[in-house]
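S.K.: Below: one structure in structure tokens.
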């Protein structure tokens, strides 16, 4: 158990809909990272937050947005869903930023868009 | 961050050592080598990291060549539960955001 909690574990929805994925980082971790893993793309970095502020951005679509709240949990919002958004979405956390610390990953949220 | 090259797949007999190579010929002096693994759609799991000295922990050993252009992850006594995709990643040790950029990794199949 990494200490990172993601909900929901599974989600099935239809094209055009909007969903929210939630991540609770390890206790005391200030950084949260979101990744997308689809069959044909591998693990893709989406976005990072550090203590409530966006710190790094990767291949995140404009239809996707994220935020980190004062209690440090984070949410990834996916809107106008398309079939291609079906994927595993992972959240990871670590204490700081800019050092050699490892990332701790949650078990992921599996999104299926029909 | 420097790019890495890994074999697509490898097999290993159960109980034997698994040696997973990684090439990172463009690595810079302040970049570390990290290894993570992902067991069948679970979240990636940290294994080990190093800068230039060899490192060992309870999971594995990391051997980095003197010129730092390549490294080898060693699982000393592979078990069936070590079947996974292993990712070798290079990242700066300071001034980074902490994000990891994953490549395709090596799929290790441990066979009975």
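Protein chains in written order, with the working numbering: chain A, 63 to 176; chain B, 75 to 186. In this text, a Cβ means the ideal position worked out from N, Cα and C, and glycines have one as well. Since this is a predicted model, take the numbers as computed values, not measurements.
Report yes if the C-beta distance between residue 116 (chain B) and residue 159 (chain B) is below 8 angstroms; otherwise report no.
M.R.: Residue mapping note: residue 116 (chain B) aligns to position 42 of the second chain, counting from 1. Residue mapping note: residue 159 (chain B) aligns to position 85 of the second chain, counting from 1. No. Outside cutoff.
S.K.: Residues of chain B with CB under 8 angstroms from residue 156 (chain A), in chain order?
M.R.: In the first chain, residue 156 (chain A) corresponds to position 94, counting from 1. By Cβ distance, chain B contributes 172.
S.K.: Is the shortest distance between the beta-carbon of residue 103 (chain A) and the beta-carbons of chain B less than 8 angstroms?
M.R.: For the purposes of this step, residue 103 (chain A) is taken as residue 41 along the first chain, with counting starting at 1. Closer than 8 angstroms: no.
S.K.: Can you find a CB in chain A that lies within less than 8 angstroms of the CB of residue 117 (chain B)?
M.R.: For this step, residue 117 (chain B) is matched to residue 43 along the second chain. Chain A, which has a Cβ nearer than 8 angstroms to the Cβ of residue 117 (chain B), makes this yes.
S.K.: Would you say residue 95 (chain A) faces chain B, with C-beta separation under 8 angstroms as the test?
M.R.: One-based indexing of the first chain puts residue 95 (chain A) at position 33. Interface residue, yes.
S.K.: On a CA-only basis, which of A:149, A:175, A:176, A:76 is nearest residue 96 (chain A)? Give me that one, please.
M.R.: Here residue 96 (chain A) refers to the residue found at position 34 of the first chain. Among A:149, A:175, A:176, A:76, the Cα nearest to that of residue 96 (chain A) is on A:149.
S.K.: So with Cβ pairs under 8 angstroms, would you call residue 123 (chain B) a contact of chain A?
M.R.: Taking the first residue of the second chain as 1, we reach residue 123 (chain B) at position 49. Chain A, which has a Cβ nearer than 8 angstroms to the Cβ of residue 123 (chain B), makes this yes.
S.K.: Helix, strand or coil, according to DSSP, for residue 147 (chain A) in the structure here?
M.R.: In the first chain, counting from the first residue as 1, residue 147 (chain A) sits at position 85. Correct three-state label for residue 147 (chain A): helix.
S.K.: Buried or exposed for residue 181 (chain A), please, with buried defined as at least 16 other CB atoms from any protein chain shown within 10 angstroms of its CB.
M.R.: Residue 181 (chain A) lies beyond the residue range present for chain A, which begins at 63 and ends at 176; the question has no answer from this structure.
S.K.: Look at residue 152 (chain B) and residue 89 (chain B) and say whether their C-beta atoms are less than 8 angstroms apart.
M.R.: The count along the second chain starts at 1 and reaches residue 152 (chain B) at position 78. The count along the second chain starts at 1 and reaches residue 89 (chain B) at position 15. Yes, the pair counts as a contact, with Cβ atoms nearer than the cut-off.
S.K.: At a Cβ threshold of 8 angstroms, is residue 88 (chain A) touching chain B?
M.R.: For the purposes of this step, residue 88 (chain A) is taken as the residue at position 26 of the first chain. Taking Cβ atoms only, chain B never reaches closer than 8 angstroms to residue 88 (chain A), which makes this a no.
S.K.: Can you give the beta carbon distance from residue 167 (chain B) to residue 93 (chain A), rounded, assuming they're within the 8 angstroms contact cut?
M.R.: The residue you call residue 167 (chain B) lines up with position 93 of the second chain. The residue you call residue 93 (chain A) lines up with position 31 of the first chain. Contact doesn't hold; Cβ gap of about 16 angstroms is too wide.
S.K.: Do we get a CB-CB distance below 8 angstroms when we pair residue 117 (chain A) with the residues of chain B?
M.R.: Your numbering for residue 117 (chain A) matches position 55 in the first chain. Interface residue, yes.
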